[in-house]
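K.L.:
Below you will find the structure I want to go over with you.
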């Protein structure tokens, strides 16, 4: 298995939306490398003939009747918002200027 | 007068129902105890004095009106800070949710309130329930009441410490890889991971959705059963909630008996890494089960030795997806929103500031395991191991009624010892993880103090899915026999603080 480099940690940080500091890159590289090295042994017993299990229960869609029922008010729904405006979540700029 | 904080939950409810003490007096006694000792223990992140007294007064009013009270009415409880509580802070042990006040109750919270249970406050935990020591809390560690320099287990260390220091007779935990059972084991208390789907996850902050399960924590097997019954049962708000009757856990806890039961000792849960004193007490418990009339046999579950590896791929994978909701847009912390950063940059700055090291490690580990090119080797293989573990359980449960093992390989370790060594920390969950992967039920209860350090050792009992009552039947028999042998409940030996 490949070792985890600090470049890979930086890439994982970007994918995970984590702004990592330089010293974190080295620290996490060593730790993630040790963890991945240890957990890679799952491949030893994962034969072609073994089906995967994603969940302990057989999952089915759960439906409810399509009727109006009590729910959060806009004030409640926005009560934890870092910023709000006109009953909406106010967020930083998403699209570029041009 | 009897010390109201030393009673069991069952005794407390009976005392209140008989009018020998009011629910308000019981609540106040526990709030006073919290005031006296929690500065040292740090079991609570938030104490809801006003809400607790209000709930207690409501129980007293109902009794005054002659209304029938439920079996836990007026009994105080410490709630893990992972369940939403309307109007009361919920942090999940994370800075990213500091100051967040939920606008709704989790189903479990709602059921506790409906049962007249008095919620004293919210307990400390490893951030997002990721950890085995409660050291990963953003709000500082919790001390083990048996030795405040040692860990109380995790992630539910606040709940286990609250019980062991008599700050509450009941508590709630959640168990993704052992976070109810391992804290119970190292604090001399009782903890149960119900069958997956047995207790609603609605309003329980998600870590790893196919593994997470809320459950009861208490100082006695009967108290755990009473709490189990109060919180379990189908919930239409949780699509993975099992729509079937709750197993008869209270009846089982009142009728402890192992005569004629077939009990399997899992061969793989022993050997290197297991503390000698833990094995001594575990082997005594096995001998006790024989004396009590059980037919004890050794069984082998070879794939269990791959459970830890599979878990540390599956749980991080699911958490990397679940924690994506903490994007700084709709609730919680927001950092860097000064007009110079895009929404995506604000998300990354906020998560960097709001998440602790273990959460970052697991999110990145999950992202790695799920990335194309690695998916089959890591996440895919782990899912296959999950199948093998389920098959091992199915095979051995064809021949035995329950399995037993130590709950965790060692007694409580010193705070700081494994804090920056993830792999050493992960070993604490070696014996508890297979049950989470397969979705069946398990309990930890005290089986003595390790001779070398005088710290509690836990006995784990594992039952098939939806046979949770077997845990209580066996647990009650073991508890009664040990209490008779010791002459008192094990917590009588804990320091008074």
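Residue numbers (full-length UniProt numbering), protein chains in the order written: chain A, 1 to 98; chain B, 1 to 497. Every residue, glycine too, gets a C-beta built ideally from N, C-alpha and C. In this text, all values refer to a predicted model and were calculated from it rather than measured experimentally.
The alpha helix (DSSP H) with residue 54 of chain B in it runs from where to where?
P.N.:
Position 54 of the second chain holds residue 54 of chain B. Where residue 54 of chain B is concerned, the enclosing alpha helix (DSSP H) stretches over 49-64.
K.L.:
Measuring alpha carbon to alpha carbon, tell me which of B/268, B/155, B/23 and B/283 ends up nearest residue 217 of chain B.
P.N.:
In the second chain, counting from the first residue as 1, residue 217 of chain B sits at position 217. That would be B/155, whose Cα lies nearest to the Cα of residue 217 of chain B.
K.L.:
Assuming contact is defined by CB atoms lying nearer than 9 angstroms, are residue 74 of chain B and residue 132 of chain B in contact in what I supplied?
P.N.:
Position 74 of the second chain, counted from the start, is the residue given in the question as residue 74 of chain B. Position 132 of the second chain, counted from the start, is the residue given in the question as residue 132 of chain B. No, they are not a contact pair.
K.L.:
Roughly how many angstroms separate the alpha carbons of residue 56 of chain A and residue 391 of chain B, rounded to a whole number?
P.N.:
Within the first chain, residue 56 of chain A is the residue found at index 56, counting from 1. Within the second chain, residue 391 of chain B is the residue found at index 391, counting from 1. C-alpha separation (whole angstroms): 12 angstroms.
K.L.:
Do the CB positions of residue 55 of chain B and residue 117 of chain B come within less than 9 angstroms of each other?
P.N.:
Stepping through the second chain from its first residue, residue 55 of chain B is reached at position 55. Stepping through the second chain from its first residue, residue 117 of chain B is reached at position 117. Against a cut-off of 9 angstroms, the Cβ pair of residue 117 of chain B and residue 55 of chain B comes out as a contact.
K.L.:
Please report the distance separating the alpha-carbon of residue 136 of chain B from that of residue 428 of chain B.
P.N.:
If you number the second chain from 1, residue 136 of chain B lands on position 136. If you number the second chain from 1, residue 428 of chain B lands on position 428. Going from the Cα of residue 136 of chain B to the Cα of residue 428 of chain B covers about 15 angstroms.
K.L.:
Counting contacts by CB-CB distance shorter than 9 angstroms, is residue 360 of chain B in contact with chain A?
P.N.:
Looking up residue 360 of chain B in the second chain gives position 360. Closer than 9 angstroms to some Cβ of chain A, the Cβ of residue 360 of chain B qualifies, so yes.
K.L.:
Just to confirm, is the Cβ distance from residue 313 of chain B to residue 369 of chain B under 9 angstroms?
P.N.:
Here residue 313 of chain B corresponds to residue number 313 of the second chain, with the count starting at 1. Here residue 369 of chain B corresponds to residue number 369 of the second chain, with the count starting at 1. Yes, they are a contact pair.
K.L.:
Checking contacts by CB at 9 angstroms: is residue 13 of chain A closer than that to chain B?
P.N.:
Translated into positions along the first chain, residue 13 of chain A becomes position 13. Yes - at least one Cβ of chain B is within 9 angstroms of the one on residue 13 of chain A.
K.L.:
Which chain A residues are close to residue 341 of chain B, counting only those with a beta carbon under 9 angstroms from its beta carbon?
P.N.:
As a working note, residue 341 of chain B is residue 341 in the second chain. Chain A residues near residue 341 of chain B: 92 and 93.
K.L.:
First and last residue of the alpha helix (DSSP H) that includes residue 485 of chain B?
P.N.:
Reading the second chain from its first residue, position 485 is the one you call residue 485 of chain B. Start and end: 468-486.
K.L.:
Please name the residues in the segment 47-62 of chain A whose beta-carbon is closer than 9 angstroms to at least one beta-carbon of chain B, in chain order.
P.N.:
From the segment 47-62 of chain A, only 47, 50, 51, 52, 53, 54, 55, 56, 57, 59, 60, 61 and 62 have a Cβ closer than 9 angstroms to chain B.
K.L.:
In chain order, which alpha helix (DSSP H) runs of at least 4 residues are fully inside the segment 109-165 of chain B?
P.N.:
Those alpha helix (DSSP H) runs which fall completely within the segment 109-165 of chain B and span 4+ residues are 157-164.
K.L.:
Check whether the Cβ atoms of residue 514 of chain B and residue 73 of chain A sit closer than 9 angstroms, and answer yes or no.
P.N.:
Residue 514 of chain B lies beyond the stretch modelled for chain B, which goes from 1 to 497, so this question has no answer here.
K.L.:
Could you say which of B/197, B/171, B/31 and B/173 lies nearest to residue 465 of chain B if we only look at CA atoms?
P.N.:
Here the question's residue 465 of chain B lines up with position 465 in the second chain. Ranking the options by Cα distance to residue 465 of chain B, first place goes to B/197.
K.L.:
Identify every run of the beta strand (DSSP E) within the segment 385-470 of chain B, keeping only runs that are complete inside it and at least 3 residues long; order them along the chain.
P.N.:
Listed in chain order, they are 402-406, 441-449 and 456-463.
K.L.:
Thinking just about the alpha-carbon of each residue, which of B/225, B/262 and B/38 is nearest to the one in residue 148 of chain B?
P.N.:
As a working mapping, residue 148 of chain B is identified with position 148 in the second chain. The residue with the shortest Cα to Cα distance from residue 148 of chain B is B/38.
K.L.:
List the residues that DSSP assigns as beta-bridge partners of residue 262 of chain B.
P.N.:
Stepping through the second chain from its first residue, residue 262 of chain B is reached at position 262. Residue 262 of chain B pairs with B/295.
K.L.:
Would you list the residues sitting across from residue 70 of chain B in a DSSP beta bridge?
P.N.:
To locate residue 70 of chain B, count along the second chain from 1; it is residue 70. Partner(s): none; residue 70 of chain B has no beta bridge.
K.L.:
Just the chain A side, please: which residues come within less than 8 angstroms of residue 100 of chain B by C-beta, in chain order?
P.N.:
Working through the second chain from its first residue, we reach residue 100 of chain B at position 100. Going along chain A in sequence order, the residues near residue 100 of chain B (Cβ under 8 angstroms) are 80.
K.L.:
With a threshold of 9 angstroms between beta-carbons, can residue 41 of chain A be considered close to chain B, or not?
P.N.:
Walking along the first chain from the start, residue 41 of chain A turns up at place 41. It does; some Cβ of chain B falls within 9 angstroms.
K.L.:
Could you tell me which chain B residues have their CB closer than 7 angstroms to the CB of residue 19 of chain A, listed as they occur along the chain?
P.N.:
Here residue 19 of chain A refers to the residue found at position 19 when the first chain is read from its first residue. Within chain B, the residues near residue 19 of chain A are 348, 349 and 352.
K.L.:
Could you tell me whether the Cβ of residue 64 of chain A comes closer than 9 angstroms to any Cβ of chain B?
P.N.:
Along the first chain, one-based indexing puts residue 64 of chain A at 64. Chain B, which has a Cβ nearer than 9 angstroms to the Cβ of residue 64 of chain A, makes this yes.
K.L.:
Would you mind stating whether residue 430 of chain B and residue 269 of chain B have Cβ atoms separated by less than 9 angstroms?
P.N.:
By one-based count along the second chain, residue 430 of chain B stands at place 430. By one-based count along the second chain, residue 269 of chain B stands at place 269. Yes.
K.L.:
Of all the options B/405, B/332 and B/203, which has the alpha carbon lying nearest to the alpha carbon of residue 89 of chain A?
P.N.:
Your numbering for residue 89 of chain A matches position 89 in the first chain. The shortest Cα separation from residue 89 of chain A among B/405, B/332 and B/203 belongs to B/332.
K.L.:
Do residue 185 of chain B and residue 407 of chain B come within 9 angstroms of each other at the CB atom, strictly closer than that value?
P.N.:
Position 407 of the second chain, counted from the start, is the residue given in the question as residue 407 of chain B. Position 185 of the second chain, counted from the start, is the residue given in the question as residue 185 of chain B. Their beta carbons are under 9 angstroms apart, which means residue 407 of chain B touches residue 185 of chain B by this criterion.
K.L.:
Taking 9 angstroms as the cut-off, decide whether the C-beta atoms of residue 47 of chain B and residue 120 of chain B are in contact.
P.N.:
What you label residue 47 of chain B is simply residue 47 of the second chain in a count that begins at 1. What you label residue 120 of chain B is simply residue 120 of the second chain in a count that begins at 1. Cβ atoms of residue 47 of chain B and residue 120 of chain B: closer than 9 angstroms.
K.L.:
Which full runs of the alpha helix (DSSP H) of 4+ residues lie inside the segment 322-355 of chain B, going along the chain?
P.N.:
For the segment 322-355 of chain B, whole alpha helix (DSSP H) runs of length 4 or above, ordered along the chain, are 343-354.
K.L.:
Determine whether the Cβ of residue 246 of chain B lies closer than 9 angstroms to any Cβ atom of chain A.
P.N.:
Residue mapping note: residue 246 of chain B aligns to position 246 of the second chain, counting from 1. No, residue 246 of chain B does not count as interfacial toward chain A.
K.L.:
Is residue 190 of chain B near the ligand GTP, going by C-beta to nearest heavy atom under 8 angstroms?
P.N.:
You won't find the ligand GTP in this model; it holds no ligand whatsoever.
K.L.:
Does residue 320 of chain B come within less than 9 angstroms of chain A when only Cβ atoms are used?
P.N.:
One-based indexing of the second chain puts residue 320 of chain B at position 320. Output row for residue 320 of chain B: interface = yes.
K.L.:
Could you spell out where the beta strand (DSSP E) holding residue 173 of chain B opens and where it closes?
P.N.:
Within the second chain, numbered from 1, the residue matching residue 173 of chain B stands at position 173. Run containing residue 173 of chain B: 170-174, per the beta strand (DSSP E) assignment.
K.L.:
Express the C-alpha separation of residue 183 of chain B and residue 224 of chain B in angstroms, rounding to a whole number.
P.N.:
Along the second chain, one-based indexing puts residue 224 of chain B at 224. Along the second chain, one-based indexing puts residue 183 of chain B at 183. When rounded, the distance between both Cα atoms is 15 angstroms.
K.L.:
Hey, is residue 68 of chain A's beta-carbon within less than 9 angstroms of any beta-carbon in chain B?
P.N.:
As a first step, residue 68 of chain A must be located in the first chain, where it is residue number 68. Closer than 9 angstroms: no.
K.L.:
On the DSSP bridge assignment, give the partners of residue 85 of chain B in chain order.
P.N.:
Numbered from 1 along the second chain, position 85 holds the residue referred to as residue 85 of chain B. In the DSSP output, where bridge partners are listed per residue, residue 85 of chain B has B/88.
K.L.:
Taking the alpha helix (DSSP H) that residue 74 of chain A belongs to, which residues open and close that run?
P.N.:
As a working note, residue 74 of chain A is residue 74 in the first chain. First-last of the alpha helix (DSSP H) with residue 74 of chain A: 74-77.
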